[in-house]
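Read in order, the letters of the sequence shown correspond to residues 16 to 292 in the numbering used here.
Note that the Cβ used here is the ideal one computed from N, Cα and C, for glycine as well.
For reference, the structure discussed in these notes is given below.
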Amino acid sequence: MEKQQLEQEYHRLWRSPDQRYWLRAMSLPTLSWVRPFLPLLGLPTALVEQPDIWTPIYEQTTLEYRHRSEEFRNLDIEVRDPAEAQILHQVISKALFKLAEQLGQEVAVEFEHWVRRHFLCHEVELAMNAWNYVLRAGCAPPNSRYDQVPPPDVLLPILSEIKDLVSLQHRIEINEAIEKVAPPPPYEQIPYERMEKCYETLLVQKAAEQTSTMKALQTIAGRLNPSEQSQVMAWATAQAEAIRPAIKAKLQGSKYLQVKLPCSDVLSVFELRICEL
């Protein structure tokens with residue numbers, strides 16, 4: 016990719032308001048109460064098994080970001096936001112390079128893509144919610160829902176496996192387990208902003224739910240041939256239409272009905288590092 020294209024990709028990936036979620040999302044493997052749930056979140060296996068390697072890297076990253084961005088806090092937003100975005104890109108890149116030194120570049124890239132997949136891509140969030148609705152409807156007992164479209168025969172042999180991943184009961188059990196050990200918000204909020212959960216609780220629950228839906232889609236894509244997948248896609252479209260027409264477009268066609276996880280092809284900081292910022 017040419018330097019000009021790299022610069023354009025950098026601006027697309029690192030100049031959006033959503034980039035503020037980087038540090039919050041990357042904190043999750045460092046939190047002791049989150050550790051039991053790491054296997055449910057779709058993180059790289061090496062990081063799940065050795066989260067203590069990431070903790071000092073993350074702590075240094077947050078300190079550096081706060082220190083370097085302090086001088087821009089009181090400036091106009093037109094100056095502050097681009098400056099903070101550049102600092103964030105630089106400190107996150109440095110952290111991922113350090114993680115690569117410890118666990119390998121593949122793990123670091125997977126971790127970077129994991130953050131983008133679950134917390135920085137609105138399309139993925141909408142798509143996973145839509146697919147979850149559709150697959151739950153398909154897994155319901157026959158004739159138990161007025162809006163149910165019978166799933167195709169090719170899906171029936173793996174329906175029980177998919178049900179275990181997308182069922183509402185499965186989601187409730189995980190959410191309750193997370194909330195049982197999660198700490199309260201770190202500060203008292205004014206009444207109309209009060210949260211009963213700390214913000215990280217919401218991030219863990221979101222990642223767990225999306226990971227289950229992605230595993231269900233991977234299961235379908237991995238077990239069925241292209242022709243059978245087309246039948247599933249036709250059914251999913253009809254089922255989405257029956258639930259609520261607006262859901263159909265959010266499925267994004269067959270884009271997410273594949274073994275490869277979303278955002279796996281996004282340029283990593285290892286590819287963008289040659290871009291002069």
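Nearest-angstrom beta carbon gap, residue j and residue i [assumed within contact, 8 Å]
i	j	result
V181	A231	5 Å
L183	L118	36 Å between Cβ atoms; not a contact.
L141	K265	5 Å
A223	I187	Incorrect: roughly 12 Å between the Cβ atoms, too far for contact.
M41	V122	At roughly 13 Å, the Cβ-Cβ gap does not stay under 8 Å, so M41 and V122 are not in contact.
Cβ-based burial, residue i [other Cβ within 10 Å; buried from 16]
i	result
E215	buried
A249	exposed
C290	In this predicted model, C290 has a pLDDT of only 45, less than 50, meaning its place in the structure is not dependable; the value taken from the coordinates is given anyway. Flag for C290 reads buried.
L174	exposed
A107	First, the amino acid is wrong: residue 107 is Ile here, not Ala. I107 is buried by the Cβ-count criterion.
T60	exposed
R27	exposed
Q225	buried
H374	This structure does not reach residue 374, given that the chain is present from 16 up to 292, and the question cannot be answered.
Own chain partners of residue i with C-beta closer than 8 Å, once the 5 adjacent residues on each side are dropped
i	result
I205	Residue placement at I205 is poorly supported in this model, since its pLDDT is 47, which falls under 50; the coordinates are not used for a value here.
H128	L276, C278, S279, V281, S283
V219	L43, V49, F52, L56, I193, A197
For residue i, the first and last residue of its enclosing alpha helix (DSSP H)
i	result
C154	137-154
P198	Note, P198: premise wrong, no alpha helix (DSSP H); not H, not E.
G237	214-238
D179	174-181
H128	120-130
V284	284-287
W37	36-41
Y73	69-84
W250	241-258
E211	Per DSSP, E211 belongs to no alpha helix (DSSP H) and is neither H nor E.
Cβ-based neighbour list, residue i, same chain, cut-off 6 Å, excluding 5 preceding and 5 following
i	result
P303	Here the chain covers residues 16 to 292 and nothing more, so residue 303 does not appear.
S84	E99, I102
S269	M248
Same chain, Cβ closer than 7 Å to residue i, five either side skipped, listed in chain order
i	result
K178	C154
A253	V164
P54	V63
- prompt: So, do the stretch 64-75 and the stretch 164-178 have three or more beta carbon pairs nearer to each other than 8 Å?
  reply: The stretch 64-75 vs the stretch 164-178: no contact.
message: If contact is defined by three or more beta carbon pairs under 8 Å, each pair taking one atom from either stretch, is the stretch 113-124 in contact with the stretch 45-57?
response: As far as the Cβ criterion goes, the stretch 45-57 does not touch the stretch 113-124, which means the pair count is below three.
- prompt: On the three-pair Cβ rule with 8 Å, is the stretch 256-275 touching the stretch 218-233?
  reply: Judged by Cβ distances under 8 Å, the stretch 256-275 makes contact with the stretch 218-233, as three or more pairs qualify.
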